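K.L.:
Please read through the structure below; I'll follow up with questions.
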Amino acid sequence: MKKLVHSTHLDWLLGEIPLWQEKGIITPDQAGEIRSIYMPLEKPSWQNLAFYSLIWAASILCGISLLLLLGYNWDFMGYIPRLGVLFGITIAFQAGAFCTRFFTDKQLLSEILACFGGASFGISLFLIGQTFNLEGSEYEVFWWWIVGTIPVALLGQSPINWLLISLLELAWCGILADQLNSSIWKPFGWNSGLPLAPYSIMILLVPGFVYALFKKCRWTLVFQFIVIAFATVMIMVIWKIKGPILLGSLAMACALSLTECSQDKVFTSLASLAGKIATVLILLTFCYYEFQKSLFHSSNKIKLAGLNLSDIWPAYLVVATTSILIIGGFGKKLAESRSSILFCTILFYGILLGLLILVFGAKNHQILQIISSIVANILLLLTCAMWMDSGWENESIIQFFAGAILFLIWTFQRYFDLFGDIGGMLGASALFLACALLLVFLAFFWQRKKRRLA
Amino acid sequence: MNTTAPPPWKDPKKLGLGLFAAFLFQLLILSGLCAKGLVPRFMSTRIKVRVTELKESNWRKSNHLRLDFEFSKPPKDNALLSENARLFFKEVETSKQNNSEDFNISKPIFISLKFLKNEDVWVPFNFSLEKPKDGKFIVGKAFRHQKQILFGIEDFYFREGNEELYKQAVDGKKLVAEIFLAPNGQCQIKTLVIQK
Chain A
1238 MKKLVHSTHL DWLLGEIPLW QEKGIITPDQ AGEIRSIYMP LEKPSWQNLA FYSLIWAASI
1298 LCGISLLLLL GYNWDFMGYI PRLGVLFGIT IAFQAGAFCT RFFTDKQLLS EILACFGGAS
1358 FGISLFLIGQ TFNLEGSEYE VFWWWIVGTI PVALLGQSPI NWLLISLLEL AWCGILADQL
1418 NSSIWKPFGW NSGLPLAPYS IMILLVPGFV YALFKKCRWT LVFQFIVIAF ATVMIMVIWK
1478 IKGPILLGSL AMACALSLTE CSQDKVFTSL ASLAGKIATV LILLTFCYYE FQKSLFHSSN
1538 KIKLAGLNLS DIWPAYLVVA TTSILIIGGF GKKLAESRSS ILFCTILFYG ILLGLLILVF
1598 GAKNHQILQI ISSIVANILL LLTCAMWMDS GWENESIIQF FAGAILFLIW TFQRYFDLFG
1658 DIGGMLGASA LFLACALLLV FLAFFWQRKK RRLA
Chain B
55 MNTTAPPPWK DPKKLGLGLF AAFLFQLLIL SGLCAKGLVP RFMSTRIKVR VTELKESNWR
115 KSNHLRLDFE FSKPPKDNAL LSENARLFFK EVETSKQNNS EDFNISKPIF ISLKFLKNED
175 VWVPFNFSLE KPKDGKFIVG KAFRHQKQIL FGIEDFYFRE GNEELYKQAV DGKKLVAEIF
235 LAPNGQCQIK TLVIQK
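Protein sequence lines, in the order shown, are assigned to chains A and B.
Here this note's numbering is used: the first residue of the first sequence is 1238, the next is one more, and so on.
Here this note's numbering is used: the first residue of the second sequence is 55, the next is one more, and so on.
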């Protein structure tokens, strides 16, 4: 059986053998024997990495499904076993992260375990609050979750944990906009007299920037900038600045239009990325059933976060249309590109909604809500599939993972959307299980496709 | 050979110690939250108060309810209000009419309770801005912007499927909350009980 060695080592060895032969150190037969002992270790292709990532994501969803099942029976447990479970899981992940980092030197595994530990820590915060029926809002829990996770990310020097923190910060900003109007920031109960959102978020962002700059970690820097952008929009929403979504989407539209004529590659890719984010945000918003309900409320004076529907609706159309032009690759790419699926469906969605609103006015709300939600959900899933497929074909790991992460976000969004209304906790558990199975199916589907092509 | 010590952020030992401290910090936060929940269980007496209204939470639709109690709103009967409380609630009315800006300002309000033996519940009999000298009392926050008094026991997480039972019980005035009441008037909700 041949011995597997890293290809760089084998290259060196094969390069040296002729020299040894030349100097008479070894005979040609011996050289042949040496060559026959070794074979190159196949580089782990990124497709393999993607395959295992999908399996990893599926296992997370399975874990959540199991947790929900546990949650369904939560009331049968007394508070001491509950606390035991919560502390036990958190400590197990932390110990795993610590040991793998310092005793086995497996940095990536340690980061992943620390990330799970952070997730477990946050879930425990919520569940302890529930166990004792403690007074508090989600934004407070998220705040403590972020504060507790920052030191781990900073000292563990882990981009994965910074991603988790950025997601928490995004959620925190969103909840602030949803729950609070000009509330006062009270860290540790002390009345600072300052408006909550802007000051607190800036302080929470500082460690991330410090880490990104010192460690020259581009990804952490990108995450932090995304949070700043989102926080800015949310602060505008909290303070009810007239038409921020309209302005934001118009600015986005201008940036996107410029990508078609710009020769600057960096600018083009950045603006294209912004366009993709804008489209996804719009689709995610429209997927959310509560948003649909508030949008199609029976009153003609529809308001969302202080904005009139008339402000939001054109903004949606502008962003959607411009994004279609960019992502769909208007004209030249339309016939050949896979993204034409997205183009057609978004177009269909826009036209459908526009027509429905014109025809029905504000009379038949429920049908509109359901149709609109279903179409938006299908579109978002298509976007996920398209990104993953395109990433797989073009060997673009970022595009593939963007699709996978978007799918996970969609799954969690459905959890909040459906939970309580349809299926309850068991329904949510089944949803996560179904999504996990779908990911496993996709992983094997692409793996087989790869083998066929090979 | 001249070897220099690595900076702290590159020294594995120091990083290990730091990471360990960071994990401990997370556990400390969790323990603090547990202490907040556990302390009233050992330091307080358990009483029952009547729930008058259930409100569904709009954001987390899961297993959460907002509760209103007999003392969550200022009483319509002025005889139950002490002079200072009456003036305060009158001011609330005025500030509402004037659309006053200082709506976030709150004042502690003390509600004295008396026990109704035949119903096995404690009911309010006096609202005051001054701490009562004796007897059981509960302390809440009265806000200028609303005629609502908050006690920190309004959030309740229930077992899925029980919502309808609670709604029926509250309609029949048979829903009571079991709460831990500390000597200083602070309280924490334990559970909801449907009276027979």
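The beta carbon of each residue, even a glycine, is placed where N, CA and C say it ideally should be.
Predicted, not measured: the structure shown is a model, and the values here were computed from it.
Which of helix, strand or coil does DSSP assign to Asn180(B)?
P.N.:
It is a strand residue.
K.L.:
If you follow the beta strand (DSSP E) that Gln242(B) is in, where does it begin and where does it stop?
P.N.:
Per DSSP, Gln242(B) belongs to the beta strand (DSSP E) from Cys241 to Ile248.
K.L.:
Does any C-beta atom of chain A lie closer than 7 Å to the C-beta of Ala253(B)?
P.N.:
Lying outside 55 to 250, the shown extent of chain B, residue 253(B) is not represented and no answer is given.
K.L.:
Which residues of chain A have a Cβ atom closer than 8 Å to the Cβ of Lys1(B), listed in chain order?
P.N.:
What the structure shows of chain B is the stretch from 55 to 250, and residue 1(B) is not part of that stretch, so it cannot be assessed.
K.L.:
7 Å is my cut-off, CB to CB: does Val1447(A) come that close to chain B?
P.N.:
No, Val1447(A) does not count as interfacial toward chain B.
K.L.:
Based on Cα-Cα distance, which residue from Leu1405(A), Ile1387(A) and Trp1409(A) lies nearest to Phe1446(A)?
P.N.:
Considering only alpha carbons, the answer is Ile1387(A).
K.L.:
How about the region 81-94 of chain B and the region 237-250 of chain B: do they share at least three Cβ pairs that are nearer than 8 Å?
P.N.:
In short, these stretches touch, since the Cβ pair count reaches three.
K.L.:
Return the residue from the list Asp65(B), Gly86(B) and Phe74(B) that minimises the CA-CA distance to Trp1381(A).
P.N.:
Of the candidates Asp65(B), Gly86(B) and Phe74(B), the one whose C-alpha sits nearest the C-alpha of Trp1381(A) is Gly86(B).
K.L.:
Can you look up Gly215(B) in the DSSP assignment and give me helix, strand or coil?
P.N.:
Coil.
K.L.:
What is the DSSP secondary structure of Leu229(B), reduced to helix, strand or coil?
P.N.:
Leu229(B) falls in the strand class under three-state DSSP.
K.L.:
For my contact list, Leu1291(A) and Leu1676(A) are in at a C-beta cut-off of 8 Å; report their separation, rounded to the angstrom.
P.N.:
Yes, they are in contact, since the Cβ atoms of Leu1291(A) and Leu1676(A) sit about 5 Å apart, within 8 Å.
K.L.:
Could one say the Cβ of Val1389(A) lies closer than 7 Å to chain B's Cβ atoms, at least one of them?
P.N.:
For Val1389(A), the answer is yes, since a Cβ of chain B falls inside 7 Å of its Cβ.
K.L.:
For Lys1343(A), I'd like the list of residues in its chain whose CB is within less than 7 Å of its CB, leaving aside the five on either flank, ordered along the chain.
P.N.:
Closer than 7 Å at Cβ, skipping near neighbours: Thr1337.
K.L.:
Let me know the secondary structure DSSP gives Lys171(B) once reduced to three states.
P.N.:
Here Lys171(B) sits in coil by DSSP.
K.L.:
Can you find the residues in the same chain that come closer than 8 Å, C-beta to C-beta, to Leu1618(A), ignoring five residues on each side of it along the sequence?
P.N.:
Hits under 8 Å: Phe1644 and Trp1647.
K.L.:
Less than 7 Å between CB atoms is the rule here; does Ser1361(A) satisfy it with respect to chain B?
P.N.:
Yes - at least one Cβ of chain B is within 7 Å of the one on Ser1361(A).
K.L.:
State buried or exposed for Pro237(B), treating a residue as buried only when at least 16 other CB atoms are found within 10 Å of its CB.
P.N.:
So Pro237(B) ends up on the exposed side.
K.L.:
For Gly86(B) and chain A, any beta-carbon pair shorter than 7 Å?
P.N.:
Cβ-Cβ to chain A under 7 Å: no for Gly86(B).
K.L.:
Shorter than 7 Å from the beta carbon of Tyr220(B) to some beta carbon of chain A?
P.N.:
No, Tyr220(B) does not count as interfacial toward chain A.
K.L.:
Out of curiosity, what's the CA-to-CA distance linking Ala76(B) and Glu1270(A)?
P.N.:
Between Ala76(B) and Glu1270(A), the C-alpha separation is close to 54 Å.
K.L.:
Under three-state DSSP, which class holds Leu1592(A)?
P.N.:
Confidence is the limiting factor: at Leu1592(A) the pLDDT is only 49, short of 50, which leaves the residue's position unreliable and the question unanswerable from this model.
K.L.:
Determine, for Trp1380(A), whether the minimum Cβ-Cβ distance to residues of chain B falls below 7 Å.
P.N.:
Not one chain B Cβ lies under 7 Å of Trp1380(A).
K.L.:
Hey, could you find the ends of the beta strand (DSSP E) Gly194(B) is sitting in?
P.N.:
Looking at the DSSP string, the run of the beta strand (DSSP E) that includes Gly194(B) is Phe191 to Phe197.
K.L.:
With distances taken Cα to Cα, identify the nearest neighbour of Leu1404(A) among Glu1372(A), Thr1457(A), Leu1450(A) and Thr1368(A).
P.N.:
Looking at the Cα atoms, Thr1457(A) is the closest of the given residues.
K.L.:
What does DSSP give as the partner residues of Thr99(B) in its beta bridges?
P.N.:
Leu235(B), per the DSSP bridge assignment.
K.L.:
Can you tell me which residues form a DSSP beta bridge with Phe210(B)?
P.N.:
The partner list for Phe210(B) (beta bridge, DSSP) reads Leu119(B).
K.L.:
For the region 1343-1360 of chain A against the region 190-206 of chain B, are there 3 or more C-beta pairs whose distance is under 8 Å?
P.N.:
Touching, no.
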